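Counting the sequence shown from 1 gives a position; the numbering used here is that position plus 612.
Just so it is clear, CB atoms sit at the ideal spot from N, CA and C, and this is done for glycine as well.
These numbers come from a predicted model, not from an experiment.
These notes are about the structure you will find just below.
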Amino acid sequence: EGVLEGRRVFGNIVKYLKMGASSNFGNMFSVLGASAFLPFLPMAPIQVLTNNLLYDFSQVPIPTDAVDEEQVTRPRPWKIDELRRFILFIGPVSSIFDYTTFFVMLWVFKCWDPARASLFQTGWFVESLMTQTLIIHVIRTNKIPFFQSRASWALTATTLSIMAFGMLLPYSPVASALGFTHLPRMYWPILMLTLLAYMGLTQIIKVLLLRKRWI
Numbered sequence: 613e614g615v616l617e618g619r620r621v622f623g624n625i626v627k628y629l630k631m632g633a634s635s636n637f638g639n640m641f642s643v644l645g646a647s648a649f650l651p652f653l654p655m656a657p658i659q660v661l662t663n664n665l666l667y668d669f670s671q672v673p674i675p676t677d678a679v680d681e682e683q684v685t686r687p688r689p690w691k692i693d694e695l696r697r698f699i700l701f702i703g704p705v706s707s708i709f710d711y712t713t714f715f716v717m718l719w720v721f722k723c724w725d726p727a728r729a730s731l732f733q734t735g736w737f738v739e740s741l742m743t744q745t746l747i748i749h750v751i752r753t754n755k756i757p758f759f760q761s762r763a764s765w766a767l768t769a770t771t772l773s774i775m776a777f778g779m780l781l782p783y784s785p786v787a788s789a790l791g792f793t794h795l796p797r798m799y800w801p802i803l804m805l806t807l808l809a810y811m812g813l814t815q816i817i818k819v820l821l822l823r824k825r826w827i
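So, in structure tokens, the structure goes:
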């Protein structure tokens with residue numbers, strides 16, 4: 613039992629590293645690209661800190677999460693190359709959908725004007741938080757998330773709570789202090805499509821990497 617528990621702990625540590633490293637790697641590309649052509653900051657410093665705080669909170673229950681049975685049947689060596697490949701392939705996927713969100717905010721909701729910077733920042737904040745938090749369920753398993761492998765109730769509860777909190781934050785009493793503004797109604801169905809596409813593409817890439825035994 614001690615050996616199996618050790619393997620579960622190791623599995624959850626690897627999950628955390630994959631989630632944090634791939635997410636930050638993708639965000640780096642998004643911020644770098646957006647800063648090159650936007651006439652304002654893509655996200656205000658206080659918004660970046662809030663985003664990171666909420667995302668980190670959503671990962672707190674990872675130690676309670678179950679590990680797929682096949683990942684504890686035998687010892688798993690620490691392979692930095694596997695982590696590197698995971699980051700390089702999975703990380704930029706989030707940037708793809710960050711850039712589609714940039715396009716929507718700039719061309720659909722007319723945020724080129726610096727006077728509408730708050731709307732752009734709010735839109736990207738919500739999309740970034742939602743994608744980062746939801747993708748935890750895809751990264752945590754080599755199987756199909758929600759159907760073949762489910763997260764622990766604690767991890768599920770925190771991810772859903774943080775996503776709901778992020779959606780409500782632009783309408784809360786602290787919204788103005790954080791530089792947020794109300795989002796147009798059309799934003800929400802576009803966001804839902806973005807989340808579905810992001811999860812689908814990440815799952816496809818993950819399966820391809822597994823078939824090649826790269827991760």
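### Message
Less than 7 Å between the C-beta atoms of N624 and I692, yes or no?
### Response
Not a contact, by the Cβ cut-off of 7 Å.
### Query
Of all the options D668, I816, E617 and T770, which has the alpha carbon lying nearest to the alpha carbon of Y628?
Residue nearest to Y628 within the set D668, I816, E617 and T770 is D668 (criterion: CA-CA distance).
### Buried versus exposed, by CB contacts within 10 Å (16 or more), L665
Within a 10 Å sphere around the beta-carbon of L665 sit fewer than 16 other beta-carbons, which makes this residue exposed.
### Message
Here's a check: name, in chain order, each residue in its chain whose Cβ is nearer than 8 Å to the Cβ of I774, leaving out the five neighbours to either side.
### Response
Correct list, in chain order: L666, Y667, F669, S670, L741 and T745.
### Whole-angstrom distance between P704 and M811, CA atom to CA atom
The straight-line gap from Cα to Cα measures roughly 13 Å.
#### Entry: Coil, strand or helix - P757 by DSSP
Note: P757 maps to strand in three-state DSSP.
### Query
Just curious, the alpha helix (DSSP H) that V705 is in, first and last residue?
Element bounds for V705: I692 to F715.
### Task
Would you grab the beta carbon distance between S634 and F698 for me? Rounded to a whole angstrom, and I think it's under 8 Å.
With 8 Å as the limit, S634 and F698 qualify as a contact, their Cβ atoms being about 6 Å apart.
#### Entry: Where H794 sits in the DSSP three-state scheme
The answer is coil: DSSP assigns H794 none of H, G, I, E or B.
### Message
Taking only three categories from DSSP, how would you classify F777?
### Response
Reduced to three states, the DSSP call for F777 is helix.
### Query
Within 10 angstroms of its Cβ, does Y783 collect 16 or more other Cβ (buried), or is it exposed?
Around the beta carbon of Y783, fewer than 16 other beta carbons lie within 10 angstroms, which makes this residue exposed.
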